[in-house]
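Here is the structure we will look at.
Protein chains: 2
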Amino acid sequence: MSKNKVDKKIDFAKILDNVRVFAPATVANMICGFDILGFAVDKPGDEVKMYRVDEPGVRIRSIEGDDGRLPLDADKNTVSACVKLLLVDLGIDKEIGVEIDLIKHMPIGSGLGSSSASTVAGLFAINALLGNPLTKEELMPYCVEGERLACGHGHADNVAPALMGGITLIRGYDPLDVIKLPVPEDLYAGIVFPQVDVPTRDARQLIKEKVLLKDAVVQWGNIAGLISGLYQSDYALISRSMHDVLIEPTRAILIPEFYEMKRIALEEGALSFGISGSGPSVVAITKGQAIAERITEKIQQHLTKNEIDSFKYVSSVNVEGPKVLL
Amino acid sequence: MSKNKVDKKIDFAKILDNVRVFAPATVANMICGFDILGFAVDKPGDEVKMYRVDEPGVRIRSIEGDDGRLPLDADKNTVSACVKLLLVDLGIDKEIGVEIDLIKHMPIGSGLGSSSASTVAGLFAINALLGNPLTKEELMPYCVEGERLACGHGHADNVAPALMGGITLIRGYDPLDVIKLPVPEDLYAGIVFPQVDVPTRDARQLIKEKVLLKDAVVQWGNIAGLISGLYQSDYALISRSMHDVLIEPTRAILIPEFYEMKRIALEEGALSFGISGSGPSVVAITKGQAIAERITEKIQQHLTKNEIDSFKYVSSVNVEGPKVLL
Numbered sequence: 001m002s003k004n005k006v007d008k009k010i011d012f013a014k015i016l017d018n019v020r021v022f023a024p025a026t027v028a029n030m031i032c033g034f035d036i037l038g039f040a041v042d043k044p045g046d047e048v049k050m051y052r053v054d055e056p057g058v059r060i061r062s063i064e065g066d067d068g069r070l071p072l073d074a075d076k077n078t079v080s081a082c083v084k085l086l087l088v089d090l091g092i093d094k095e096i097g098v099e100i101d102l103i104k105h106m107p108i109g110s111g112l113g114s115s116s117a118s119t120v121a122g123l124f125a126i127n128a129l130l131g132n133p134l135t136k137e138e139l140m141p142y143c144v145e146g147e148r149l150a151c152g153h154g155h156a157d158n159v160a161p162a163l164m165g166g167i168t169l170i171r172g173y174d175p176l177d178v179i180k181l182p183v184p185e186d187l188y189a190g191i192v193f194p195q196v197d198v199p200t201r202d203a204r205q206l207i208k209e210k211v212l213l214k215d216a217v218v219q220w221g222n223i224a225g226l227i228s229g230l231y232q233s234d235y236a237l238i239s240r241s242m243h244d245v246l247i248e249p250t251r252a253i254l255i256p257e258f259y260e261m262k263r264i265a266l267e268e269g270a271l272s273f274g275i276s277g278s279g280p281s282v283v284a285i286t287k288g289q290a291i292a293e294r295i296t297e298k299i300q301q302h303l304t305k306n307e308i309d310s311f312k313y314v315s316s317v318n319v320e321g322p323k324v325l326l
Numbered sequence: 001m002s003k004n005k006v007d008k009k010i011d012f013a014k015i016l017d018n019v020r021v022f023a024p025a026t027v028a029n030m031i032c033g034f035d036i037l038g039f040a041v042d043k044p045g046d047e048v049k050m051y052r053v054d055e056p057g058v059r060i061r062s063i064e065g066d067d068g069r070l071p072l073d074a075d076k077n078t079v080s081a082c083v084k085l086l087l088v089d090l091g092i093d094k095e096i097g098v099e100i101d102l103i104k105h106m107p108i109g110s111g112l113g114s115s116s117a118s119t120v121a122g123l124f125a126i127n128a129l130l131g132n133p134l135t136k137e138e139l140m141p142y143c144v145e146g147e148r149l150a151c152g153h154g155h156a157d158n159v160a161p162a163l164m165g166g167i168t169l170i171r172g173y174d175p176l177d178v179i180k181l182p183v184p185e186d187l188y189a190g191i192v193f194p195q196v197d198v199p200t201r202d203a204r205q206l207i208k209e210k211v212l213l214k215d216a217v218v219q220w221g222n223i224a225g226l227i228s229g230l231y232q233s234d235y236a237l238i239s240r241s242m243h244d245v246l247i248e249p250t251r252a253i254l255i256p257e258f259y260e261m262k263r264i265a266l267e268e269g270a271l272s273f274g275i276s277g278s279g280p281s282v283v284a285i286t287k288g289q290a291i292a293e294r295i296t297e298k299i300q301q302h303l304t305k306n307e308i309d310s311f312k313y314v315s316s317v318n319v320e321g322p323k324v325l326l
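Chain order of the listed sequences is A and B. Residue numbers for the first sequence follow the UniProt record's numbering, so the first one is 1 and each next one is one higher. Residue numbers for the second sequence follow the UniProt record's numbering, so the first one is 1 and each next one is one higher.
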């Protein structure tokens, strides 16, 4: 990654003093599309405040909302490391100094693309500060590098929707090929994060290396059906297609009350229900906001009864991606 | 299948004396969509002439173009067996008599859905003869049953496009869920059938029961990309997506000169190249007719040089499916 020279003219006179950026949480896999699909939501999301300072280099000034779990050391923190990488590739790391406040509005290890949201917010912020020399497509490799630093895998199914907004398809990685998919207007997500720990690495390790071809055929029939349903805004087809026969059976084991939450969601009219990313957050996909509100309410009640604390979020698909806040 | 009662009123006064039907050959899998995708072509295809006779029952009068390989016994012949099944379910098998001429315009065991084309032609013919009491959707289960009788598997990736026309997706089998996909206007198929024997059963048995999850992810990323490309008429995306990393490496072994044919096709500008169904027919997907003509010509020359006889066909995607011929 680093040592790539990015040939962009930076107008030093136009660099901003500071910028404040929001980047959205994301639901990777979109239930049936393991490692290829994902979508962004309006809330939660992370925030980066970035300040230009005289002393060259990238430094973390403060982190809020991480319970002290993220490193303040700029070389170890993914956000600052990615920002620095971009400055190096632009050839201006010896000339520009920035300091970062990172405000996490969502829990770490929630399965909602927490690290992706922070990385994307940081990279979007430095790009905005510099006068947007890079397109989103050009920022993407730095976001993927951030995922590699944070999770040990250069997956793009969280960073792609976090950066591009909407629903994204990672067609392939060699080279990275991100396709924006259409977003049916009434598609909502009701997300519940049960406060239990499921580290991404462990969740991945549970998954078997080999799968039955006949199960894979079921899975890619559903993926193809979902893509088709999105293009046609066909909610019934979307609902018929959003089943995960391969990954959910394994990962659901790590999530308390998963099948009871699923029963509640489907009974209340969800188009589909499943795990967000590697969990433990779960997501109900609905047509319209009201059903998503009702489902998250009922699921939270159920978890409370079982003495499990939780957060809930209801959101349409965020089609914008990261944005500069005023 | 049989013993289902199909509740349709047949107007005996309006039954036709005879009908002649064409049903198209099909390219199953569409290179990357094993067992779920397929499309119909304008040529080749099979023809059924059906005559109403006084004596109840279904009989085969003649078969042309099969080199004597298909049974004339009406109980053993797939076409007549499916027609009979439909008459039984309609409750009129004791009242109606039909005789069938089957004219095969394409080789058996070619990987072009030969049995599907015949079955679909037969079922479309009896439906037309009876005044079209069934919709295409209602005819579909009888077509699938025909595949089960002919191949031992009730796959629908040939019968679905043969009956519905265009490009079809089998989203799932339980229940059968067939989605028609959009057909980009300039999409052409250049098909070459090298005259070597690759029975479907053997071709299936070669395929491994288990696959690597990481390969399956590559495959379903490509499938999702292809579906997206079809909806957007994005030929570049279609081309990037149409790769089969799972099935082709195994099946290609059975097809002489496969990789040399592939090299020729891609060199001449094919969007993609691969195996049609279980082979040995191969197909070049192209933008426009001229490229497909050139590719099939060059591939046939190459095969001739290697003393392999072949047939070639160039066709746009057949969006109509079966039709009554005048």
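We treat Cβ as the ideally placed atom computed from N, Cα and C, and that holds for glycine. Source: prediction; values computed, not measured.
The DSSP-derived three-state label of Asn18(A) is strand. Looking at Ala216(A), Lys180(A), Ile247(A), Val196(A), the one whose alpha-carbon comes closest to that of Leu206(A) is Ile247(A). Apart from sequence neighbours up to five positions away, the residues of its chain that approach Ala156(A) with a beta-carbon distance below 6 Å are Val144, Ile170, ordered along the chain.
Between the region 246-265 of chain A and the region 225-237 of chain A there are fewer than three C-beta pairs closer than 8 Å, too few to call the two in contact. With 16 or more other CB atoms across the displayed protein chains lying within 10 angstroms of its CB, Ala150(B) is buried. Looking only at Ser115(A), Ser272(A), Lys49(A), the smallest Cα-Cα distance to Leu70(A) is reached by Ser115(A). When Cβ-Cβ separations below 8 Å define contact, Leu271(B) makes no contact with chain A.
Positions of the beta strand (DSSP E) runs, each at least 3 residues long and wholly inside the region 84-144 of chain B, are given as 97-104 in order along the chain. Beta-bridge pairing by DSSP links Lys323(B) to Phe22(B).
From the listed residues Val58(A), Asp174(A), Val48(A), the smallest Cα separation to Lys104(A) is found for Val48(A).
In its chain, beyond the 5 residues on either side, Cys82, Val83, Leu86, Leu139, Tyr142, Cys143 have a beta carbon closer than 7 Å to the beta carbon of Leu123(A). Glu248(A) has a beta carbon lying at 8 Å or more from every beta carbon in chain B.
Residue pairing from DSSP places Gly274(A) in a beta bridge opposite Val283(A). According to the DSSP assignment, Asp42(A) belongs to the beta strand (DSSP E) that extends over 37-53. Its chain contains Ala23, Cys143, Val159, Ala162, Leu163, Pro322 as the residues whose beta carbon lies nearer than 7 Å to that of Val120(A), once the 5 sequence neighbours on both sides are disregarded; these appear in chain order.
Contact check for Val217(B) against Ile36(A) passes: the beta carbons are separated by less than 8 Å. Residues of chain B with a Cβ closer than 7 Å to the Cβ of Gly221(A) are, in chain order, Ile36, Ile170, Arg171, Gly172.
DSSP links Ala28(A) through a beta bridge to Gly38(A).
When secondary structure is reduced to three states using DSSP, Lys312(B) falls in the strand class. In terms of Cβ geometry, Gly288(B) and Tyr188(B) form a close pair [threshold 8 Å]. The beta carbon of Leu130(A) lies closer than 7 Å to those of Ile10, Ile15 in the same chain, with the five residues before and after it left out.
Per the DSSP secondary-structure output, Pro194(A) pairs in a beta bridge with Ser310(A).
Under a criterion of Cβ atoms nearer than 9 Å, the residues of chain A adjacent to Arg240(B) are, in order, Arg171, Gly172, Asp177. Residue contact with chain B for Gly33(A): present (Cβ-Cβ distance below 8 Å to some residue of chain B). Around the beta carbon of Tyr313(A), a 10 Å sphere encloses 16 or more other beta carbons of the protein chains shown; the residue is thus reported as buried.
Contact fails between the region 219-229 of chain B and the region 39-55 of chain A, because fewer than three Cβ pairs, one in each stretch, are under 8 Å apart.
Neighbours of Gly225(A) in chain B, taken as residues at a C-beta separation under 8 Å, are given in chain order as Leu169, Arg171, Gly172, Asp177, Ile179. In this chain, Asp177(B) is not harboured by any alpha helix (DSSP H); it is covered by the beta strand (DSSP E) spanning 176-181. If you draw a straight line from the Cα of Phe39(A) to the Cα of Arg263(B), it is about 38 Å long. Rounded to whole angstroms, Glu268(A) and Glu320(A) show a C-alpha spacing of 29 Å.
Among the residues of chain B, none has a CB under 8 Å from the CB of Glu137(A); the nearest is roughly 15 Å distant.
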